[in-house]
Structure formats: structure tokens, C-alpha cells
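Counting from 1, one number per residue, gives the positions in the sequence shown under this note's numbering.
One structure is given below, encoded as C-alpha cells.
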Amino acid sequence: YLSEDYYIRKFKKAIGMTYEFNGTFDGYGYQIYNFKAENFSLFERIGESGVVKNLSINKLETVKKKRKIIGGIAVENLGMITNCNVGLDGSVILNGETVGGIAVYNRGRIMYCMNNADITAGKTGGGIAAEGTGDISFSGNTGSLNLTETGEYIGGIAGQYDGVIEYSYNAGEIIAENGAIGGIAGYCRASDIRNSYYRDDISNAIGEYENPSGAVSVKLENMQSQSFCDTLNAHGSAIWIWNEYKYNAL
1 YLSEDYYIRK FKKAIGMTYE FNGTFDGYGY QIYNFKAENF SLFERIGESG VVKNLSINKL
61 ETVKKKRKII GGIAVENLGM ITNCNVGLDG SVILNGETVG GIAVYNRGRI MYCMNNADIT
121 AGKTGGGIAA EGTGDISFSG NTGSLNLTET GEYIGGIAGQ YDGVIEYSYN AGEIIAENGA
181 IGGIAGYCRA SDIRNSYYRD DISNAIGEYE NPSGAVSVKL ENMQSQSFCD TLNAHGSAIW
241 IWNEYKYNAL
């Protein structure tokens, strides 16, 4: 756990790299600064019993040539990541082949998380997760997403996804000329997107498919309002707080 803000200068090995992490890591609302992820994310693998919560990561930078997969919190999540934020001050850059703002592969649960990091993906990228079969709920992305010319999937919440996405929103810009581009997901089953929102200058909620009934496009200026915050909170979990500089924050 953290008992104060923590500045990482040298970090030789990711948590859960040798053995998957099945404990509870509580950041107690503190932040990790200056984490330069050249070779790994903070967590490599969070096991089914693992919980990472109440943690913020700022001033993190990744180096694409040294790591093809990178997540703001974890590479792979089979447990639960909740109430975590990446790039609160906008100083985080995530750059790799397969990139997720919170986790690269989510096979567990991601809840109450925010990503403000800017993402550049060579293959697949998502504001919250790049790929996975788990659940994403009550989470948001405001970071920009850039898919390179050879990329395949990019989405405001998830890239290529086979899990449920609900009660979440994307206000981040997506820059891509090729590939499957979605305000919510590059690919996802329409029935698995529920009560989620994306900015209306992105053509589709899911790649090249028809927009599902569970996804609603919203003008960017309307996302930057107390009324949109109230809309998010109307889904039964009053967790969003309006911030005129950072859209809606947990």
C-alpha cells in the first residue's frame, strides 16, 4: 500500500511478474510519479483474487521500442482494478504496439477508473483496455488516441473487445486513417455496450458496425457540463464530479 505520494526513480521489476499478484494493493488516494516504463507496467499480471484500488499514476512515459505492450496500471488483469486514475495532470504518454490506458488485457473487472493519458498504438489501443473478455463499468477516458498507419483496432474505451462495457464514456479524440475506429470500441458485440457515451465527431460507436442502442453520441461541448455529469450519475452510482478543466472526474 501507499502511505504518501511516491516518486519512482528506478523500478527493476513489475509487481506480479514472477508470480501473479493475488493480494490487495491500496493506494489510499496517493499518487506515483516519474515512472518511466521502459520494460513493463507497474503490474504485470493481477490474478483472480488480486485487487488494485485507490491509486493514481502521473508523469509516466513509455518507450515503444523497448516494450510492445503497455498498460497504465497493468499488462493483464484477471482480478479487479477500481478507483484508479492514470495521467490526472495530463502528463502521461502511453506508446506501444498494444496499449490500454488502465490495462492491456482485461479478463477481470475494471470499475470507477479514469484515463487521461494520451495513447499511441501500433496495433490495438483502448482508453481503458486494449483487449479482453472482462467487464468495464463506470469508467471514462479523456486522453487522445492515435492509431498508426498499420494499426488494426482503436476505441475510446476498448480496442478489440469481447466483454461488457457499461456506464462509461469517452471524450478523447481519436486520430486514425485506417483500421476499425470506434468512439466506444474498435470491435465489440453491440449487445455488450450498455448506457455508454462517446463524442459525436467520431462516426461510429463500434468500428464499422451499426451503432448499438446502448451507445449514445454526445457533442463534446455538452460533455463539458454539469448536466452531462448528472446524466452519468443517473445510472445509480453518484461517483462523477464535474470539473470544468477535466470533464467529469471520479
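Beta carbons are placed, not taken as given, at the ideal position from N, Cα and C, and that holds for glycine.
Model, not experiment: these values are computed from the prediction.
If residue i and residue j are in contact, beta carbons under 8 Å, what's the gap, nearest whole angstrom?
i	j	result
N263	R194	A question about residue 263 goes unanswered here, because the residues of the chain that appear run from 1 up to 250.
C113	T148	The Cβ separation is near 25 Å, so there is no contact.
N217	G183	One point to set straight first is that residue 217 is Ser, not Asn, in the sequence displayed. Their Cβ separation, rounded to whole angstroms, is 7 Å, which keeps S217 and G183 in contact under 8 Å.
L94	G72	6 Å
Less than 9 Å between the C-beta atoms of residue i and residue j, yes or no?
i	j	result
N106	N85	no
G156	N141	yes
V99	M80	no
T120	Y161	no
I154	I136	no
S196	A190	no
S41	N22	no
For residue i, which option in the options has the closest C-alpha, if you only look at C-alpha atoms?
i	options	result
L145	K219, D162, I181, G134	I181
G269	V218, A176, Y167, M111	In the structure displayed, the chain extends from 1 to 250; residue 269 sits before or after that span and is not available.
L88	G127, G122, G23, N58	N58
S139	S191, C229, I202	C229
G47	G27, G29, M17	M17
G207	G151, S225, Y19	G151
Q31	I241, K13, V92	V92
A14	E44, Q226, G122	E44
Leaving out the 5 sequence neighbours to the left and right, which residues in its chain are closer than 6 Å to residue i when beta-carbon positions are compared?
i	result
T231	none
A129	G100, A103, N106, A158
S213	none
E173	S144
I202	I174, G183
Quick one: what's got a C-beta closer than 8 Å to residue i's C-beta in the same chain, skipping five residues either side?
i	result
N222	F228
Grab me the residues of residue i's own chain with a C-beta within less than 7 Å of its C-beta, minus the 5 sequence neighbours each way, in chain order.
i	result
I69	V75, G96, E97, T98, V104
What I want to know is whether the C-beta of residue i ends up closer than 8 Å to one or more non-hydrogen atoms of the ligand FMN.
i	result
N83	Absence of the ligand FMN from the depicted structure is noted, as is the absence of any ligand whatsoever, leaving it without description.
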